[in-house]
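Note that the working numbering has the first sequence beginning at 1, numbered continuously upward. Glycine included, every Cβ here is placed at the ideal spot set by N, Cα and C. Take a look at the structure below.
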Amino acid sequence: MTGHRPTTPAEPAQLAPQYAPAQVETRRYEGWIDAGYFTPDADGDGPAYTIVIPPPNVTGSLHIGHALDHTLIDALIRRRRMQGYRTLWLPGMDHAGIATQNVVERELAKEGLSRHDLGREKFVERVWQWKASSGGAILGQMRRLGDSVDWTRERFTMDEGLSRAVHTMFKLLFDEGLIYRAERIINWCPRCLTALSDIEVEHVDEDGELISIRYGDGDDSIVVATTRPETMLGDTAVAVHPDDPRYAHMIGRTVELPLTGRRIPVIADPHVDPEFGTGAVKVTPAHDPNDFEIGRRHDLPALTIMDERAVITAPGPFRGLDRFEARPAVLAALREEGRVVAEIRPYRHSVGHCGRCGTTVEPRLSLQWFVKVAPLAKAAGDAVRDGRVRLHPPEMAARYFDWVDDMHDWCISRQLWWGHRIPVFYGPNGAVVSPAPGEQPPTGEGWHQDPDVLDTWFSSGLWPFSTLGWPDDTPDLRAFYPTSVLVTGYDILFFWVARMMMLGLHAMAGRDPADAVPFRTVALHGLVRDSRGRKMSKSRGNTVDPLDWIDRFGADALRFTLARGANPGADVAVSEEWAAGARNFCNKLWNAARFALMNGAHAPDALPDPMALSVPDRWILSRLASVTERVDAQFEEFEFGKLSEVLYHFAWDEYCDWYLELAKVTLASGDEAAADRSRAVLGYVLDRLLRLLHPLIPFVTEELWTALTGEDSVVVAAWPGRQALGAGTREPPALRDPEAEAEITSLTRLVTQVRRFRSDQGLRPGQRVAARLAGLERTPLAGHEASIRALLRLSAPADGFAPTGSVQSEGVTVELDTVGAIDVEAERRRLEKDLVAAADEMGRTQRKLANPGFTAKAPAEVIEKTRQRLAAAQTEAEALQARLEALPPA
RNA sequence: GGGCGCAUAGCUCAGGGGUAGAGCACCCGCCUUACAAGCGGGAUGCCGGUGGUUCGAAUCCACCUGCGCCCACCA
Numbered sequence: 001m002t003g004h005r006p007t008t009p010a011e012p013a014q015l016a017p018q019y020a021p022a023q024v025e026t027r028r029y030e031g032w033i034d035a036g037y038f039t040p041d042a043d044g045d046g047p048a049y050t051i052v053i054p055p056p057n058v059t060g061s062l063h064i065g066h067a068l069d070h071t072l073i074d075a076l077i078r079r080r081r082m083q084g085y086r087t088l089w090l091p092g093m094d095h096a097g098i099a100t101q102n103v104v105e106r107e108l109a110k111e112g113l114s115r116h117d118l119g120r121e122k123f124v125e126r127v128w129q130w131k132a133s134s135g136g137a138i139l140g141q142m143r144r145l146g147d148s149v150d151w152t153r154e155r156f157t158m159d160e161g162l163s164r165a166v167h168t169m170f171k172l173l174f175d176e177g178l179i180y181r182a183e184r185i186i187n188w189c190p191r192c193l194t195a196l197s198d199i200e201v202e203h204v205d206e207d208g209e210l211i212s213i214r215y216g217d218g219d220d221s222i223v224v225a226t227t228r229p230e231t232m233l234g235d236t237a238v239a240v241h242p243d244d245p246r247y248a249h250m251i252g253r254t255v256e257l258p259l260t261g262r263r264i265p266v267i268a269d270p271h272v273d274p275e276f277g278t279g280a281v282k283v284t285p286a287h288d289p290n291d292f293e294i295g296r297r298h299d300l301p302a303l304t305i306m307d308e309r310a311v312i313t314a315p316g317p318f319r320g321l322d323r324f325e326a327r328p329a330v331l332a333a334l335r336e337e338g339r340v341v342a343e344i345r346p347y348r349h350s351v352g353h354c355g356r357c358g359t360t361v362e363p364r365l366s367l368q369w370f371v372k373v374a375p376l377a378k379a380a381g382d383a384v385r386d387g388r389v390r391l392h393p394p395e396m397a398a399r400y401f402d403w404v405d406d407m408h409d410w411c412i413s414r415q416l417w418w419g420h421r422i423p424v425f426y427g428p429n430g431a432v433v434s435p436a437p438g439e440q441p442p443t444g445e446g447w448h449q450d451p452d453v454l455d456t457w458f459s460s461g462l463w464p465f466s467t468l469g470w471p472d473d474t475p476d477l478r479a480f481y482p483t484s485v486l487v488t489g490y491d492i493l494f495f496w497v498a499r500m501m502m503l504g505l506h507a508m509a510g511r512d513p514a515d516a517v518p519f520r521t522v523a524l525h526g527l528v529r530d531s532r533g534r535k536m537s538k539s540r541g542n543t544v545d546p547l548d549w550i551d552r553f554g555a556d557a558l559r560f561t562l563a564r565g566a567n568p569g570a571d572v573a574v575s576e577e578w579a580a581g582a583r584n585f586c587n588k589l590w591n592a593a594r595f596a597l598m599n600g601a602h603a604p605d606a607l608p609d610p611m612a613l614s615v616p617d618r619w620i621l622s623r624l625a626s627v628t629e630r631v632d633a634q635f636e637e638f639e640f641g642k643l644s645e646v647l648y649h650f651a652w653d654e655y656c657d658w659y660l661e662l663a664k665v666t667l668a669s670g671d672e673a674a675a676d677r678s679r680a681v682l683g684y685v686l687d688r689l690l691r692l693l694h695p696l697i698p699f700v701t702e703e704l705w706t707a708l709t710g711e712d713s714v715v716v717a718a719w720p721g722r723q724a725l726g727a728g729t730r731e732p733p734a735l736r737d738p739e740a741e742a743e744i745t746s747l748t749r750l751v752t753q754v755r756r757f758r759s760d761q762g763l764r765p766g767q768r769v770a771a772r773l774a775g776l777e778r779t780p781l782a783g784h785e786a787s788i789r790a791l792l793r794l795s796a797p798a799d800g801f802a803p804t805g806s807v808q809s810e811g812v813t814v815e816l817d818t819v820g821a822i823d824v825e826a827e828r829r830r831l832e833k834d835l836v837a838a839a840d841e842m843g844r845t846q847r848k849l850a851n852p853g854f855t856a857k858a859p860a861e862v863i864e865k866t867r868q869r870l871a872a873a874q875t876e877a878e879a880l881q882a883r884l885e886a887l888p889p890a
């Protein structure tokens, strides 16, 4: 950063030369809250627009992914608010059962304590304390981001109302038989000491070994293949395929299980793949889901050989060993007995890990609560199939159906303390009672409540309606359900979206099916990645703290960076350079507004008579109309990246780089009436531009818009697009002005050509050069001489004007006195290069037009366009040729 | 093992049957009274490979290669 110009003392007082976000953001946010803009009236008139926040976990703080999510949601919400909808963005947090419990347990560990040292009640109390302090940080971050949430409706998954909703839902499903308790093989985390649902398990390919072991002896033997030899201690059979001739004679006989002295039967089961391994499978019903099923079919005993920490409990020399210590120990013992046959083959296979702590999951037989998902999942699939819920982008539907149509029952009990306690009581003689909310649970001798809590996703699955007051029929629920859009990352499509669909449709089954859905549209965005497209992770050290960027670049810059990169369903790559670019954009707007205000621009109630407007005025209004329409349409399609880009280029390239420069000419022309009209257009376009940008970058637009208009807030200003309700500012079609657009396009081409010449000839940008615009009067640009001269710093030719160089463009020959001899070589190089390009173009178009197929089949307009291109290239080439020949010899 | 997606400028990505685009980075020149967080100018690509459809393919189709993601109870 060099060459700072000292700030002139004459700057207008109201706006500093640079935008300083820190001085604006907090003040503006507090102002919005005080004004109550974000709190809709449930009893009001007009359509509602609702988005519930994907509740962040109370653990930790918001990361850049949240910032993306919030930016997109806030943009949607703010636009609808400006359109006049009763707009609700409902904030809140998730208690995040297992994650939060782990965090607090780690805190305790620092004090040398475990949760058992505290006891359940004290521990839960401790988690609440922790939530109080951590949750506050998240809310503060949301304010910094500018989230226009309704803080009066903030909820928490463990608050009283939501807990009642959870209880109600449980009871509902319980009474319908859709919740049941069963002894099953579930995913067990030996570190967290709890059951996990299928999707909480992450499968990772790992290098293992496939080991062949001989069971039995001599003719009475069979070789099985396994990756987990230690589980053989729990084997209760060997299974082969019923049609496998190799083993037909063994079926029904028993073999000796090595190391145990037990004999186990050889059974036939169609599950066995004869092609794999030896075609014989050891069956361990208590430690493998497949084997459990086989065991059920054949009535085999299930021998549990490990405890909840995955330590061997089977009697014998291995007792007390961890599962991973037991593996080599068992293998060594088998080798000693000569049981390991053939070679141990390296084998890559997928192994499940706890989604929370990464520990290898242990399939474990245990008694758990399940949701019978088949009927719920069917309904969840149908709602998307029949279009009541629209997934965006639509490619995601394939994944959704894939999952929802083939889903195992959902294990909902967790052996944790932090969460909603399962509302089931057990009594004498196997009595099981689930009291309704508010109902007195059974008490007395022998009665106790289930110690487990519910999966955290059970409560988040109710979020779109529990937050609005369900199970009560509240005004909020009537006004704001179904919610309008669910905006979230595709990574929690299954965890969360599918659950909300299942539970929402079920809870609202009494409604008209079209209005039972939890949301009408699901808009999925991607993950935030680093500048090289890599996933962000703490270990890689490439994470971005949103607060850090807000401090350094401003909240608007952070938001704009994220919005600009957000293409539907695709990941967003961000880097500091882009944040700086976005910051620069905000500053550019700031200075454009500053210029407008310094020059007396104002936002008019009505535009001046279009017939009286200058061509640049008509042009920028025409461009604004077109941009407004595009942005409006792109909002409907969640094309945040594209609409950001459109606004960026309109603001910077068209409004700042061309329109403001052209307006300067009018303002300085001395024609006060024309200058006044330009002031009005300057202000009008800025006004609309700021409104269009407000959903993306709320702070800087608020500051500038209020300065421009003198009104209270752009938050509640009317949205300029077509979709506005009521008194929206519809752009009349008359503002579209192809003629003005063509003229200004021509002007910019001419100006650029001459600038290029000036640059090549080493003329300093500020230097005035005498020039004649020969032929200008015969072109559509005839009326723009003053503008052209101003933009190019051309002065009128004086007596004895002797041009030394010339540029031809748009039918105009600009002859310049270059103040000394021109650089002939530079000019020759340029002309030759342009000539080659023109010749290429001629060749291309000529060949095309000579193609009979083309002239016969191509649409007339394409042919006409090609003819025009050829003619233009010819003219261009001739002019270049003439200029080349006119050059003095080297 | 199934499913989906992606390969376009140095990087990250838009686009999409008929002149290859943006941002950043890069090169040259500038303090030109809104903005040096700026202004003006410039360079940059066998649009992954092979075949097909077509008058015409970066764009549509098939296959191939290389990546990425999701799902999955072959031990």
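DSSP state of residue i mapped onto helix, strand, coil
i    : result
A20  : coil
H203 : strand
F650 : helix
S795 : strand
L454 : strand
F519 : strand
L756 : Checking the sequence, you will find Arg at residue 756 rather than Leu. DSSP places R756 in helix when its eight states are reduced to three.
G381 : helix
E885 : helix
E876 : helix
F425 : strand
P464 : helix
Contacting residues, own chain, Cβ-Cβ under 7 Å from residue i (five flanking each side not counted)
i    : result
T918 : For the chain, the structure presents residues 1 to 890; residue 918 sits outside this window and is missing.
L704 : L589, W590, A593 and L690
V283 : D235, T236, A237, V238, A239, D291, I294, G295 and L300
Own chain, CB closer than 6 Å to residue i, minus 5 neighbours either side, in chain order
i    : result
I412 : W369, V371, L454, D455 and F458
A314 : L233 and I305
L259 : A333
H298 : I267
V433 : F425 and P442
F757 : V807
DSSP beta-bridge partners of residue i
i    : result
K535 : R529
F370 : Y180 and C411
M306 : I312
S212 : A225 and V341
N102 : Its beta-bridge partners do not exist; DSSP assigns none.
For residue i, the nearest candidate out of the options (CA to CA)
i    : options                   : result
F595 : E661, I186, V769 and S669 : E661
I620 : Y490, Y247 and V685       : V685
G427 : P441, E878 and W447       : W447
H70  : T231, R559, V497 and E325 : R559
T360 : G60, S212 and L196        : L196
CA-to-CA distance, residue j to residue i, given in whole angstroms
i    : j    : result
A850 : A858 : 13 Å
G710 : G554 : 24 Å
M842 : L887 : 24 Å
L562 : L647 : 15 Å
V824 : E654 : 34 Å
G469 : P720 : 35 Å
V127 : Q101 : 7 Å
A826 : A673 : 45 Å
Proximal residues to residue i (C-beta, below 8 Å), its chain only, five neighbours per side dropped
i    : result
A377 : V404, D405, M407, A498 and M502
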